[in-house]
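The working numbering puts the sequence shown at residues 3 to 176.
From the three backbone atoms N, C-alpha and C, an ideal C-beta is built for every residue, glycine too.
These numbers were taken from a predicted model, which means no experiment stands behind them.
Here is the structure we will look at, set down as structure tokens.
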Amino acid sequence: LGLEAANHGMQVYGGHGYIKEWGMEQIVRDARISTLYEGTTGVQALDLIGRKVLLSSKGKVVREYTAEILKFCAAHARNKYLRRFAWDLTKLCAQWNTLTVRIMLAARKDRDIVSSASVDFLMFSGYVMMAYFWAQQAVVASEKLEAGNGQETPEFYKAKIKVADFYFDRLLPR
């Protein structure tokens with residue numbers, strides 16, 4: 003998402019985005035290189051699904067993480083700001099666990115399934131994790147709004163909830 007945001011930022015500048023003085027081209031370069039550090043996205047994806055999820059934990063790491071998310075969802079399902087986040091996250095956890103099991107079962111017959119599914123699995127995992135983080139931020143923001151004792155202005159906390167809404171509405175469906 004960082005690279006995508008940087009590219010959109012450059013697009014806002016139009017042709018001027020490439021001019022060094024604005025600094026946008028440097029931001030895009032910095033964001034682009036982050037996808038190459040420690041190997042390519044494919045190498046990282048294979049490491050995640052192959053070594054960390056399937057081989058060392060047989061999917062347990064995903065089950066445990068989704069259990070944590072589901073516990074969070076249950077705790078905040080009645081919150082007027084978080085109801086929809088909890089519902090979406092609950093569905094995503096079911097999908098993530100199902101996806102993990104399907105890849106595990108398919109890999110028994112054809113090992114190439116792991117490499118062909120690895121990048122999509124990495125991206126799906128990242129989107130779910132980011133959704134969880136945004137929901138957590140929305141929890142804090144809603145608590146600060148209701149208590150009226152936050153260090154920031156009410157507009158700041160409302161903006162946090164709006165950005166979480168944006169993530170769930172626009173980015174997560176990908």
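Item                                                                                                 : Value
Host alpha helix (DSSP H) of GLU148 (start-end)                                                      : 114-149
Between the CA atoms of TRP89 and ALA77 - distance to the nearest angstrom                           : 12 Å
Sub-8 Å separation of GLY17 and SER120 beta-carbons                                                  : no
Residues near LYS146 by beta carbon distance below 7 Å, same chain, minus five either side           : GLY152 and TYR159
Collapsed DSSP secondary structure at SER183 in the structure displayed                              : Any answer about residue 183 is impossible in this case: the structure gives the chain only from 3 up to 176.
Nearest to ASP122 (by Cα), restricted to the options ILE105, GLU154 and CYS95                        : ILE105
Beta-carbon proximity of TRP136 to TYR83, cut-off 8 Å                                                : no
DSSP-derived helix/strand/coil call for GLY44                                                        : helix
Helix, strand or coil at GLY16 according to DSSP, with G and I counted as helix                      : helix
Alpha helix (DSSP H) segment containing TRP89, residue limits                                        : 85-111
Inter-stretch contact (C-beta, 8 Å, three-pair minimum) for the segment 62-82 and the segment 20-37  : no
Reduced DSSP secondary structure (H/G/I, E/B, other) of ASN81                                        : coil
Neighbourhood of ILE115 by C-beta, 7 Å cutoff - its chain only, sequence neighbours within 5 removed : ILE105, ALA108 and ALA109
Beta-carbon proximity of SER127 to LEU50, cut-off 8 Å                                                : yes
THR102 vs VAL55 beta-carbon contact at 8 Å                                                           : yes
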